[in-house]
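S.K.: Please read through the structure below; I'll follow up with questions.
Protein chains: 2
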Amino acid sequence: MIKPTDYALDDQVGYILRRVTQRHLTIFAEAIPEVTTTQFAVLARLSQRGPLSQNHLGRETSMDAATIKGVVDRLTKLGLTTTKPDPEDRRRLTVSLTDAGARLFYERAETGLRVSASTLAPLNTEEQASFLALLARLV
Amino acid sequence: MIKPTDYALDDQVGYILRRVTQRHLTIFAEAIPEVTTTQFAVLARLSQRGPLSQNHLGRETSMDAATIKGVVDRLTKLGLTTTKPDPEDRRRLTVSLTDAGARLFYERAETGLRVSASTLAPLNTEEQASFLALLARLV
DNA sequence: CCCAATCTGTTCGTATGCAAATGAATTGGG
DNA sequence: CCCAATTCATTTGCATACGAACAGATTGGG
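For the record, the sequence lines run as chains A and B. With this note's numbering applied, the first sequence corresponds to residues 3 to 141, in that order. With this note's numbering applied, the second sequence corresponds to residues 3 to 141, in that order.
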């Protein structure tokens, strides 16, 4: 027999995840104000993998087709990415980093690592490793 | 000397947090389609604390003033909450659960606990406790 | 007791995030 | 080889999220 009073909001994993994510986003925005976390993820992926079709890029950054389109549109407006039709497959839109996009990622990658470190700072090194290992299994 | 190639997107805590949150939201939406996670958090808090002013409710559910307004508006449109001016302080808007809101939370609280359990299901009991303890320290 | 500082709610703008529907292009199995 | 199924990109609608600016109400310290 479970009563509603047994539902402790503050102990629910989803609620805590939301709050931790909020803190992380604040730390990121403070450290890298030029782009958002999702935009930075796109820059990182393109930097690592080279040009990708828009939908493929979305899958590689865990965004659905509608979301990645908006992110790419905004990055393109910022001059950090460009798009061009794929002659091989006329459905596809190939997304690439511009020089400015590549340079921005290059200049901010180290800061990005510090953002991750700040987010995890309340834990000691051993706890951070345990936490990341457990978190990754929940994907 | 850090090179951009040292920035492994898949290992960054923010990226993994986003993916775990996505999985959690999917599980929740499947189990409790009537409301969203944030709306359910509001129902839970009101059920636990009784009527609260709108901004206070926002602080108690980790939403800023603009966000909680939208959530309360939608819950009110769904008939799950009501609002009335506070005669003590004419700036304040008191938010309460309706009977339907109280009943819905009562009927879904147990399911909410199962959603949390499903999200954590890839870990064994001991790992779940460790994970939640570490996660809570990152708020 | 009064006014500057604060609090409350609202609105606007921007940015994810997903479901669903659509049209165009490609592909794979019979 | 051809058509049904799939893929790709786009659009619409809805729901968080937050910063910034605003007006009205309240309060606290001099």
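Backbone N, C-alpha and C fix where the C-beta goes; we use that ideal spot for every residue, glycine too.
#1: Could you pull out every residue in the same chain whose Cβ sits closer than 6 Å to the Cβ of L48 of chain A, ignoring the five residues on either side in sequence?
#2: Rounded to whole angstroms, what is the Cα-Cα separation between A138 of chain A and A131 of chain A?
#3: Write down every uninterrupted run of the alpha helix (DSSP H) in the segment 99 to 127 of chain A whose length is 4 residues or greater and which is fully enclosed by it, in chain order.
#4: Relative to chain A, which residues along the segment 103 to 127 of chain B have a C-beta separation below 8 Å, given in chain order?
#5: Of all the residues that make up the segment 6 to 17 of chain B, which are near chain A by a beta-carbon distance shorter than 9 Å?
#6: Between the C-alpha atoms of S64 of chain A and A31 of chain A, what's the straight-line distance to the nearest angstrom?
#7: Under 8 Å, with one C-beta from each stretch per pair, do the segment 43 to 58 of chain A and the segment 72 to 86 of chain A reach the 3-pair mark?
#8: Between the segment 114 to 129 of chain B and the segment 11 to 29 of chain A, are three or more C-beta pairs nearer than 8 Å?
#9: So if I threshold CB-CB distances at 7 Å, which residues from the segment 13 to 44 of chain A count as touching chain B?
#10: How would you call T39 of chain B, buried or exposed, if buried means at least 16 neighbouring beta carbons within 10 angstroms?
#11: Is A11 of chain B helix, strand or coil when you go by DSSP?
#12: Please name the residue in B:G72, B:T23 and B:F133 whose C-alpha comes closest to that of L125 of chain A.
#13: For a cutoff of 8 Å on Cβ pairs, would you count L140 of chain A as touching chain B?
#14: So that I know if they touch, is there some Cβ in chain A lying closer than 8 Å to that of E129 of chain B?
#15: Could you give the DSSP three-state label for S55 of chain B: helix, strand or coil?
#16: Give, in chain order, every residue of the segment 61 to 83 of chain B whose Cβ lies closer than 7 Å to some Cβ of chain A.
#17: Look up V142 of chain B in the DSSP assignment and say whether it is helix, strand or coil.
#18: Go to T78 of chain A, then tell me how far its beta strand (DSSP E) extends in each direction, as first and last residue.
#19: Kindly indicate which three-state DSSP category V44 of chain A falls into: helix, strand or coil?
#20: Could you say which of B:D12, B:R20 and B:R25 lies nearest to L122 of chain B if we only look at CA atoms?
#21: Kindly indicate which residue of B:G72, B:E112 and B:E109 has the alpha-carbon position closest to the one of V97 of chain B.
#22: From the DSSP output, read off the bridge partner residues of V22 of chain A.
M.R.: Reading it off the structure:
#1: Working through the first sequence from its first residue, we reach residue 48 of chain A at position 46. Taken in chain order, the residues that qualify are L99.
#2: Indexing the first sequence from 1 puts residue 138 of chain A at position 136. Indexing the first sequence from 1 puts residue 131 of chain A at position 129. Using only the alpha carbons, I get a separation of about 11 Å.
#3: 101 to 122
#4: F107, Y108, A111, E112, G114, L115, V117, S118, T121, L122, P124 and L125
#5: P6, T7, D8, Y9, A10, L11, D12, D13, Q14, V15, G16 and Y17
#6: Taking the first sequence and counting its residues from 1, the one referred to as residue 64 of chain A is at position 62. Taking the first sequence and counting its residues from 1, the one referred to as residue 31 of chain A is at position 29. Rounded to whole angstroms, S64 of chain A to A31 of chain A spans 20 Å at the Cα level.
#7: yes
#8: yes
#9: Q14, V15, G16, Y17, I18, L19, R20, R21, V22, T23, Q24, R25, H26, F30, T39 and A43
#10: Along the second sequence, one-based indexing puts residue 39 of chain B at 37. Label assigned to T39 of chain B: buried.
#11: In the second sequence, counting from the first residue as 1, residue 11 of chain B sits at position 9. It should be pointed out that residue 11 of chain B corresponds to Leu in this sequence rather than to Ala. Correct three-state label for L11 of chain B: helix.
#12: Taking the first residue of the first sequence as 1, we reach residue 125 of chain A at position 123. For L125 of chain A, the nearest C-alpha among the options comes from B:F133.
#13: Against the first sequence, residue 140 of chain A aligns to sequence position 138. Chain B contact via Cβ: present.
#14: As a first step, residue 129 of chain B is located in the second sequence; it is residue number 127 there, counting from the start. So yes, E129 of chain B belongs to the interface.
#15: Here residue 55 of chain B refers to the residue found at position 53 of the second sequence. DSSP places S55 of chain B in strand when its eight states are reduced to three.
#16: S64
#17: No answer is possible for residue 142 of chain B: it lies beyond the span of chain B, which begins at 3 and ends at 141.
#18: Counting from 1 along the first sequence, the entry for residue 78 of chain A is found at position 76. No beta strand (DSSP E) contains T78 of chain A, which is instead part of the alpha helix (DSSP H) from A67 to K79.
#19: As a working mapping, residue 44 of chain A is identified with position 42 in the first sequence. V44 of chain A: helix per DSSP, three-state reduction.
#20: Reading the second sequence from its first residue, position 120 is the one you call residue 122 of chain B. Measuring from the Cα of L122 of chain B, the nearest candidate turns out to be B:R25.
#21: Numbered from 1 along the second sequence, position 95 holds the residue referred to as residue 97 of chain B. Of the listed residues, the one whose Cα sits closest to V97 of chain B is B:G72.
#22: In the first sequence, residue 22 of chain A corresponds to position 20, counting from 1. For V22 of chain A, which the question treats as bridged, DSSP gives no partner whatsoever.
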